Amino acid sequence: MQEYHLHLPLTKEDVQALRAGDMVYLTGPMLTGRDAAHKRLIQLLNEGKELPMDVRGQAIYYVGPAPASPGHAVGSAGPTTSYRMDAYTPQLLKLGLNCMIGKGRRSDAVRQAMRDYGAVYLGAVGGAAALIARSIKSAEVLAYEDLGTEAIHRFTVENFPAIVLMDAHGGNLYESGPEQYRKE
Amino acid sequence: MREIPVSQITKKVKELFLTSAYEIGPDVEAAVRSASESEPSPIGKSVLCQLCENYRIARDERVAICQDTGMAVLFIDVGQDVHFTGGDFEEAVHEGVRQAYREGYLRKSVVNDPLFDRKNTGDNTPAVLHLRIVPGEKVHFLVTAKGFGSENMSAVKMCVPADGEEGVRNFIIDTARKAGPNPCPPMIIGVGIGGTLEQAALIAKRMTARAIGSHNPDPRYAKLEADALAAINRLGIGPAGIGGETTALAVNIDFAPTHIAGMPVAVNICCHAARHAEGEV
Ligand code: SF4
Chain A
1036 MQEYHLHLPL
1046 TKEDVQALRA
1056 GDMVYLTGPM
1066 LTGRDAAHKR
1076 LIQLLNEGKE
1086 LPMDVRGQAI
1096 YYVGPAPASP
1106 GHAVGSAGPT
1116 TSYRMDAYTP
1126 QLLKLGLNCM
1136 IGKGRRSDAV
1146 RQAMRDYGAV
1156 YLGAVGGAAA
1166 LIARSIKSAE
1176 VLAYEDLGTE
1186 AIHRFTVENF
1196 PAIVLMDAHG
1206 GNLYESGPEQ
1216 YRKE
Chain B
20 MREIPVSQIT
30 KKVKELFLTS
40 AYEIGPDVEA
50 AVRSASESEP
60 SPIGKSVLCQ
70 LCENYRIARD
80 ERVAICQDTG
90 MAVLFIDVGQ
100 DVHFTGGDFE
110 EAVHEGVRQA
120 YREGYLRKSV
130 VNDPLFDRKN
140 TGDNTPAVLH
150 LRIVPGEKVH
160 FLVTAKGFGS
170 ENMSAVKMCV
180 PADGEEGVRN
190 FIIDTARKAG
200 PNPCPPMIIG
210 VGIGGTLEQA
220 ALIAKRMTAR
230 AIGSHNPDPR
240 YAKLEADALA
250 AINRLGIGPA
260 GIGGETTALA
270 VNIDFAPTHI
280 AGMPVAVNIC
290 CHAARHAEGE
300 V
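Protein chains in written order, with my numbering: chain A, 1036 to 1219; chain B, 20 to 300.
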């Protein structure tokens, strides 16, 4: 297990260097999006239209934050469960998205696309939402304001804590981690 | 006969949801803290430490422990000598939820129609109400704010009597195994055995709110709780599902009489953001 302090967006070299089980602290801009926004993005792609933002080389955080109270950029903002985005993800990876942040397992199709196009899947600790929110310094809506908490935002983060769950080489902490502690 | 203006109900419901969103129960916090000391996985340990730090920030800054501030579920025991005045009782409960979620900067996560429209109602109502009429002239509330990462990993099985203790234990363990990382382990597992389909599920939901460290008073069920918990903590899932020995903090079981031909078992999974509160009017 290595520890890295990385700047967003991640470079190709960053993505290739990370291994499942590494700890990372991210600084820079990231996109946000979850169920409803993904559905709209993919609809656009299927209709051959352009996306409202560029995903090439970007990171996306699967999150629907709580509303911000006065003096805060966002409310509590932990990850949502990622598998609900699986059906949409390979298309976004193909377009160059190289980093996803969420929690929970991903489908085989997503893992294959991560290897094919070079992407990492990071985990933020589910439920550590107040702690994570502290690392989010600003938030602006990029698209789909009508979706409220599910709108696509751009967060600017500082030392956002995450764990490499799945790397670009097939490494999967959800398999290797539990394997090590299983006593059945 | 005691008269209670429904405005008091609104006030109490609001207060309970705000408390539960910001302040984790001392039993949960103590259990996570003690697990952070015993957890052998270094990365698992760091996850548990993040959770303790998160509880502290949420309490001190009065921000939500988790952004999924859940669907509001209330178990309400109404004394039969109470007379509500000044409005509709159930509407007063929903109003309390509405005020808590609006004024407390809690996320609104309820959609109006599950299948077709899925339009956010904008105020986290309606809440889910379970009412009982009991002797007395008080109104007792047990409220839980149920996040859906863990709710989605719950399961009901219509076991048959022949499945026996082993069948029930295996169903509980299998449900936890299948859930894996999705419900934000360490989890708290509520189990309802017996009754009918919906009664088992209701018991299971109530059991997610039973204090960690308490046991079923029947030693046979207490042993089943302990055995299932130990087995789940041998699965290796660990904190956040990335490996370790802290997969569940508790398995809380209760039971009800059932039919000669059946043995429903409901397993309701709750995450470490186990938000619930109790109060009385
Ligand atoms: S499962 Fe619980 S801790 Fe995890 S995101 Fe949902 S509500 Fe939060």
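Every residue, glycine too, gets a C-beta built ideally from N, C-alpha and C.
All values reported here derive from a predicted model rather than from experimental measurement.
With fewer than three CB-CB distances shorter than 8 Å, the segment 63-77 of chain B does not count as touching the segment 122-140 of chain B. Comparing alpha carbon positions, the residue from B:Tyr120, B:Leu125, B:Ile231, B:Asp273 closest to Cys290 (chain B) is B:Ile231. When Cβ pairs closer than 8 Å are counted between the two stretches, the segment 1061-1078 of chain A is seen not to touch the segment 53-62 of chain B, the count staying below three. Interface with chain B (9 Å Cβ-Cβ cutoff): Ser1211 (chain A) is included. Listed as beta-bridge partners of Lys1138 (chain A) by DSSP are A:Thr1116. For Thr194 (chain B), the nearest beta carbon of chain A is not closer than 9 Å to its own beta carbon. Rounded to the nearest angstrom, the gap between the Cα atoms of Gly257 (chain B) and Asn1207 (chain A) is 15 Å.
Short of 6 Å from the beta carbon of Arg196 (chain B), and not among the five residues preceding or following it, lie these beta carbons of its own chain, in chain order: Leu254. Going by DSSP, His1042 (chain A) is part of the beta strand (DSSP E) stretching over 1038-1042. If you look at Leu1157 (chain A), you'll find it in the beta strand (DSSP E) that goes 1155-1158. Taking C-beta atoms as the reference points, Ile1095 (chain A) and Pro1114 (chain A) fail to come closer than 9 Å. Distances taken from the Cβ of Ser173 (chain B) to the heavy atoms of the ligand SF4 include none shorter than 8 Å.
About 17 Å separates the Cβ atoms of Met20 (chain B) and Asp96 (chain B), ruling out a contact at the 8 Å cut-off.
Only Tyr124, Leu125, Arg126 from the segment 118-129 of chain B bring a Cβ to less than 7 Å from some Cβ of chain A. Taken from the Cβ of His291 (chain B), at least one heavy atom of the ligand SF4 lies inside 8 Å. Per DSSP, the unbroken beta strand (DSSP E) holding Tyr1096 (chain A) starts and ends at 1094-1096. Contacts with chain B at 9 Å (Cβ-Cβ) do not include Lys1084 (chain A). Under the three-state reduction of DSSP output, Leu134 (chain B) falls in the coil class, being neither helix nor strand. Judged by beta-carbon spacing, Val162 (chain B) lies beyond the 9 Å limit of Ser1111 (chain A), meaning their Cβ atoms are not closer than that value. Taking 8 Å as the upper bound for CB-CB distance, Ile208 (chain B) and Ile288 (chain B) are in contact here, some 6 Å apart.
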